[in-house]
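Encoded as structure tokens, the structure appears first; notes follow it.
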Amino acid sequence: SFNIGYGYDANGNRSQQTGTAGTTDYTTSPTSNRLDSLTDGVTTQGFSYDANGSLTADGSHTYGYDKTGRLSSVDGSTAYAYNGLGQRVSKTASGTGTVYAYDEAGHLVGEYDAATGNPIQETVWMGDTPIAVVKGSGTYYVHADHLNTPRQINDQAGDPVWVWDTITFGNSTPDEDPLATGTPFVYNLRFPGQYYDSETGLHQNYFRDYHPSLGRYIQSDPIGLAGGINTYAYAGSSPGNYIDPLGLQTATAAAAAASAAESSGMSTTVKNIVRRAMAVSPYSIAAACLLYTPSLDAPECEMPDSPSYGKCWMMNEAGESDEADVAGEEGCIYCVKGDKTGSGKDYVGSTDNLGNRQRDKSDGRDREGAEVVDTYPKGDRDTRRAKEQQAINDRGGVNNLDNKRNEVAPKHWPSKGITPP
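This is the structure we're talking about:
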């Protein structure tokens, strides 16, 4: 068992850790949320960053990044490479190369020896839950928790071969030989979307890298403040309740699990995060390739006309799907007053089901009692977005609100009959 306590500052940065091993104090920059140093009362560990806010040295390793901000090397010897979707597809460490394969939903399904092409191990998924591992000539069964984090793997006789009883932030080592057979069973999946790198102790988390000992990412969030006010925090500093499968934005595990049946296999929650990422930040254009269609009219992410790379899904500022899957004929445009948003400004949104939307407060906006200001026919995304944009303009424009972006680019307002602020 573990007895560890954590303290936090107003921005959600860990300020202190207490436990049987003693007390560690964390010093964080109040203007950037970068971790400057930590001390256990005897020694002090310092941290260095590049201009993008990515960790370059932590006293144990040095980190290098490519031009897109992805971790590309460690200590000048370990190297990583990524594909156009932002997935890590290869690693070379200590002279050994590993390549990775993913399914359409972005789950890691296979690890292979780069020199021979032989499989190291392959994972079988049911939705977002890992359920089995194929390794050598054997099949093993994965037991996952409420977050879809693997906790135990059994062989076909039902005996455990791998057990991970983790400390809160995932900074514990799995028992790879619980029955003391002398043959360790290595399995590297950790929290949803994470893969353990033994050469660094980091968890590769799709678009970023997570430092479990520090309980935070080593890079600032590629989507900026759209992912939260603290761009280094992992899962709202509550990893027992929330997940961040793409390393971009916290999601509820329950919401991700409940919406795992879309055509591509990726959960609605994860798709919405990708859509929001592509709309907000050019760093995430790689993720956009998975879902982009020319009809996506995100003004901060203009992309050239091209064929669709996937099913056309639309989202609004709240990160909701435009699929009309709720009984009734009309959706609504609504306004959340400033006393119920984190910024103190009003927020305009749209939804096919306000009752369901009111139950989700994960973005810091309390939609209980939100004012319905307009309606639209369900499934008519053009009308939905035009009316939402008009409601934004009627309240002084996006810069006057808690909204992060326009729903319709200003150049299209005249053709859609949208009146400027």
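Each residue of the sequence shown is one higher than the one before, starting from 1 at the first, in full-length UniProt numbering.
Glycine included, each C-beta is placed from N, C-alpha and C at the ideal position.
All values derive from a computational prediction rather than experimental measurement.
Where Pro160 sits in the DSSP three-state scheme: In the structure shown, Pro160 sits in a strand (DSSP, three-state: E or B).
Beta strand (DSSP E) runs wholly inside the stretch 56 to 116, at least 3 long, in chain order: Correct list: 63 to 65, 71 to 74, 78 to 82, 88 to 93, 96 to 102, 108 to 113.
Leu38 and Tyr49 closer than 8 Å at C-beta: Going by beta carbons, Leu38 and Tyr49 fall outside the 8 Å limit.
Arg14 vs Gly228 beta-carbon contact at 8 Å: No.
Identified DSSP bridge partners for Asn154: Partner residues in the beta bridge of Asn154, as assigned by DSSP, are Tyr141, Pro160.
Proximity below 8 Å, CB of Tyr334 to CB of Val373: Yes; because the gap between Cβ atoms is below 8 Å, this pair is in contact.
Nearest-angstrom Cβ-Cβ length linking Asp36 and Thr28, presumed shorter than 8 Å: That pair is a contact at about 6 Å.
Alpha helix (DSSP H) segment containing Gly355, residue limits: Taken as a continuous stretch (DSSP letters only), the alpha helix (DSSP H) holding Gly355 covers 354 to 358.
Coarse secondary structure for Glu317, derived from DSSP in three states: Residue placement at Glu317 is poorly supported in this model, since its pLDDT is 39, which falls under 50; the coordinates still yield a value, given next. Coil, per DSSP.
Beta-carbon proximity of Asp177 to Thr183, cut-off 8 Å: The answer is yes: Cβ separation under 8 Å.
Contact set for Pro420: own chain, Cβ-Cβ below 7 Å, skip 5 residues either direction: Only residues of its own chain outside the window of five on either side were considered, and among them Asn393, Trp413 have a CB closer than 7 Å to the CB of Pro420, listed in chain order.
Ranges of the alpha helix (DSSP H) found wholly within the UniProt region "Disordered" (345 to 421), counting only runs of at least 4: Every alpha helix (DSSP H) stretch that sits fully inside the UniProt region "Disordered" (345 to 421) and reaches 4 residues is listed by chain position as 354 to 358, 381 to 394, 413 to 416.
Nearest-angstrom Cβ-Cβ length linking Gly247 and Arg208, presumed shorter than 8 Å: Contact between Gly247 and Arg208 holds, with the beta-carbon distance rounding to 4 Å and staying under 8 Å.
Cβ contact check for the stretch 57 to 71 and the stretch 210 to 225: 3 or more pairs under 8 Å: As far as the Cβ criterion goes, the stretch 57 to 71 touches the stretch 210 to 225, which means the pair count is three or higher.
CB of Pro150 within 8 Å of CB of Pro119, strictly: Taking 8 Å as the Cβ cut-off, Pro150 and Pro119 do not qualify as a contacting pair.
C-beta neighbour in chain B for Trp125, strict 8 Å: No chain B is present in this structure, which holds just one protein chain.
Collapsed DSSP secondary structure at Gly7 in the structure displayed: It is a strand residue.
Identity of the residue in Ser213, Asp159, Tyr100 nearest Thr168 by Cα: Just measuring C-alpha positions, the residue of Ser213, Asp159, Tyr100 sitting nearest Thr168 is Ser213.
Three-state secondary structure (DSSP) of Lys135: Three-state result, Lys135: strand.
Distance between Leu225 and Asn33 (C-alpha atoms, nearest Å): Each residue's alpha carbon lies about 12 Å from the other.
Whether Gly331 touches Pro222 by CB criterion (8 Å): Gly331 is not a Cβ neighbour of Pro222, given a cutoff of 8 Å.
Where the beta strand (DSSP E) through Arg208 begins and ends: Segment 208 to 211, the beta strand (DSSP E) holding Arg208.
Per-residue burial, Pro377 [other beta carbons within 10 Å of its own, 16 or more giving buried]: Burial check for Pro377: the Cβ neighbour count within 10 Å stays below 16, so the residue is exposed.
C-alpha gap between Trp385 and Val124, whole angstroms: Note that residue 385 corresponds to Arg in the displayed sequence, not to Trp. Rounded to whole angstroms, Arg385 to Val124 spans 39 Å at the Cα level.
Distance, Lys416 Cα to Ser238 Cα: Straight through space, the alpha carbons of Lys416 and Ser238 are spaced by roughly 43 Å.
Beta-bridge partners of Arg216, as assigned by DSSP: In the DSSP secondary-structure assignment, Arg216 is bridged to His211, Ala233.
Spatial neighbours of Asn403 in its chain, beta-carbon cut-off 7 Å, leaving aside the 5 residues before and after: Taken in chain order, the residues that qualify are Glu317, Tyr347, Val348, Ile392.
Member of Asn406, Thr351, Lys345 whose CA lies at the smallest distance from the CA of Asn400: The closest CA to that of Asn400, considering only Asn406, Thr351, Lys345, is found on Lys345.
N-terminal and C-terminal residue of the beta strand (DSSP E) that Ile120 is part of: 119 to 126 is the extent of the beta strand (DSSP E) around Ile120.
N- and C-terminal bounds of the beta strand (DSSP E) containing Arg14: Taken as a continuous stretch (DSSP letters only), the beta strand (DSSP E) holding Arg14 covers 14 to 19.
Contact test: Phe207 Cβ vs the ligand ZN heavy atom, cutoff 7 Å: No copy of the ligand ZN occurs in the structure displayed, which carries no ligand at all.
For Gln194 and Gly201, the rounded distance between their alpha carbons: Each residue's alpha carbon lies about 12 Å from the other.
Beta-carbon proximity list for His143, same chain, < 6 Å, skipping 5 on both sides: Within the same chain, Cβ atoms closer than 6 Å to the Cβ of His143 are found at Arg151, Gln152, the five residues on either side in sequence being excluded.
Neighbour-count burial assignment, Val280, 16 or more Cβ in a 10 Å radius: Confidence is the limiting factor: at Val280 the pLDDT is only 38, short of 50, which leaves the residue's position unreliable, though a coordinate-based value still follows. Using a 10 angstroms sphere on the CB of Val280, the tally of other CB atoms reaches 16 or more, which defines it as buried.
Beta-carbon proximity list for Gly7, same chain, < 6 Å, skipping 5 on both sides: Around Gly7: Ser15, Gln16.
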